[in-house]
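Going by this note's numbering, the first residue of the sequence shown is number 58, and it counts up by one from there. Backbone N, C-alpha and C fix where the C-beta goes; we use that ideal spot for every residue, glycine too. First comes the structure, then the notes that go with it.
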Amino acid sequence: MKTGVIDVGGGMRGIYGTGVFDYCLDNGINFGYGIGISAGSANLASYVGGQRGRNYVFYRDYSSRKEYMGLGEFLHHHSFLNLDYIYSTLSNSDGENPLNFDGIMKNPMEWYVAGTNAITGEARYFDRNDIKRDDYSILKASSAIPVVCEPQYIDNVPYFDGALGNPVPVKKAFDDGCDKLVLILTKPESLIQTPDNEKILAKMFQSKYPKAARQLELRAERYNEGVALAQEYAKDGKAIIISPDDTCGVDTLVKNKSSLQKLYEKGYEDAEKISSFLSEN
Numbered sequence: 058m059k060t061g062v063i064d065v066g067g068g069m070r071g072i073y074g075t076g077v078f079d080y081c082l083d084n085g086i087n088f089g090y091g092i093g094i095s096a097g098s099a100n101l102a103s104y105v106g107g108q109r110g111r112n113y114v115f116y117r118d119y120s121s122r123k124e125y126m127g128l129g130e131f132l133h134h135h136s137f138l139n140l141d142y143i144y145s146t147l148s149n150s151d152g153e154n155p156l157n158f159d160g161i162m163k164n165p166m167e168w169y170v171a172g173t174n175a176i177t178g179e180a181r182y183f184d185r186n187d188i189k190r191d192d193y194s195i196l197k198a199s200s201a202i203p204v205v206c207e208p209q210y211i212d213n214v215p216y217f218d219g220a221l222g223n224p225v226p227v228k229k230a231f232d233d234g235c236d237k238l239v240l241i242l243t244k245p246e247s248l249i250q251t252p253d254n255e256k257i258l259a260k261m262f263q264s265k266y267p268k269a270a271r272q273l274e275l276r277a278e279r280y281n282e283g284v285a286l287a288q289e290y291a292k293d294g295k296a297i298i299i300s301p302d303d304t305c306g307v308d309t310l311v312k313n314k315s316s317l318q319k320l321y322e323k324g325y326e327d328a329e330k331i332s333s334f335l336s337e338n
């Protein structure tokens, strides 16, 4: 049986997904397939590398550093979130908390990191052939939130956050052969997303990247559709949605350590449902 996992990310709310993956590592839950989107791509990378607790430190501790994100970074580097600091300075082999590149490459799991082509607006799914030691550009691309970050270039093509192209790629997972799927959301499952704020953001970069801006305007609608599809699969026992009943006050760029800790613990506890789901025929 091919079991899959999708982590949709959500900025600092991604610490919830970190809790889910840490539970999986603690309990020997192995997936054969995975997709990471935005912050979820970093969670997935650490999971594939077997690095329990690694991303928790990034969310709870490193995020409070001035080099990580803030107005100063925006003024100096035109990005509120310093992706180079996160995915190069800290994550390279000579960094403070290196990503386990060897472990990632040895793991037979089929995994994808989602990005969005800023020119065409289309989703692109990077895989192990697109990652190199100390070159984690695909993680930067997947996490490049428009306006908050500059687009990230790969092979001279600019990319934005993977959530623009396909925020909840449930259909892709089943099309790729998954028999069962764990979907990790970082907002309550029942929450219907609306595009109001995203339409405002889209106007801020639509002159340069009109197709990507259009994708941002449609993101909420597609997110809702993806969740609804997962709910249909869940009725047939083919999917389970792991999501917080409350985000504990954590939003995309919130750095409160107490709130982050609570959301992490909630993710770890909620993940207990995965074991029984995967054991069911």
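Measure how close the beta-carbons of residue i and residue j come, nearest whole angstrom, since I'm counting them as under 8 Å.
i      : j      : result
Ile72  : Leu320 : 5 Å
Met166 : Val105 : 6 Å
Ala269 : Thr173 : 6 Å
Gly219 : Ser316 : 25 Å between Cβ atoms; not a contact.
Pro224 : Val65  : 6 Å
Keeping to the same chain, check which residues put their C-beta closer than 7 Å to that of residue i; ignore five residues upstream and five downstream.
i      : result
Leu273 : Pro203, Leu221, Glu255, Leu258, Ala259
Asn149 : Pro155, Asp191
Would you kindly report the start and end of the unbroken beta strand (DSSP E) that includes residue i?
i      : result
Leu335 : Element bounds for Leu335: not the beta strand (DSSP E) but the alpha helix (DSSP H), 329-336.
Val170 : 167-174
Leu196 : Per DSSP, Leu196 belongs to no beta strand (DSSP E); it is in the alpha helix (DSSP H), 194-199.
Gly91  : 90-94
Phe262 : Element bounds for Phe262: n/a, residue is neither H nor E.
Ile297 : 296-299
Val362 : The structure shown does not extend to residue 362, since the chain is modelled only from 58 to 338, so the question has no answer here.
Leu273 : Per DSSP, Leu273 belongs to no beta strand (DSSP E); it is in the alpha helix (DSSP H), 267-292.
Asp232 : Taken as a continuous stretch (DSSP letters only), Asp232 belongs to no beta strand (DSSP E), being part of the alpha helix (DSSP H) at 227-232.
Which residue from the options puts its Cα closest to that of residue i?
i      : options                        : result
Val227 : Asn281, Ser194, Val307         : Asn281
Phe262 : Gly172, Thr146, Tyr193, Ile176 : Ile176
Leu240 : Met69, Gly74, Lys314           : Gly74
Tyr169 : Asn112, Ile298, Asp233, Glu326 : Asp233
Pro153 : Lys163, Asp64, Phe115, Asn164  : Residue identity check: residue 153 is Glu in the sequence provided, not Pro. Nearest C-alpha to Glu153: Phe115.
Ser120 : Gly107, Ala96, Ala102          : Ala96
Asp327 : Ile299, Glu124, Pro215         : Ile299
Gly68  : Glu337, Arg122, Asn157, Met126 : Met126
Ala180 : Ile94, Gly160, Ser332          : Ile94
Glu337 : Lys295, Arg109, Val307         : Lys295
For the alpha helix (DSSP H) containing residue i, list its first residue and its last residue.
i      : result
Phe183 : First-last for Phe183: 180-183, but that is the beta strand (DSSP E), not the alpha helix (DSSP H).
Ala159 : Here residue 159 turns out to be Asp, not Ala, going by the sequence shown. From DSSP, the alpha helix (DSSP H) with Asp159 extends over 158-163.
Leu240 : Leu240 -> not in any alpha helix (DSSP H); beta strand (DSSP E) instead, spanning 237-241.
Gly222 : 219-222
Return the chain-ordered list of same chain residues with a C-beta closer than 6 Å to the C-beta of residue i, the five sequence neighbours on each side being excluded.
i      : result
Lys314 : Arg117
Ser103 : Arg111, Asn112
Phe334 : Ile297
Pro301 : Tyr73, Lys323
Lys265 : none
- Message: Counting beta carbon pairs with one atom in the region 270-279 and one in the region 60-80, are three or more of them shorter than 8 Å?
- Response: no
- Message: Below 8 Å, how does it come out for the region 84-97 and the region 286-294: are there three or more Cβ pairs, yes or no?
- Response: no
- Message: Quick test of the definition: if touching needs 3 or more C-beta pairs under 8 Å, does the region 192-199 touch the region 240-249?
- Response: no
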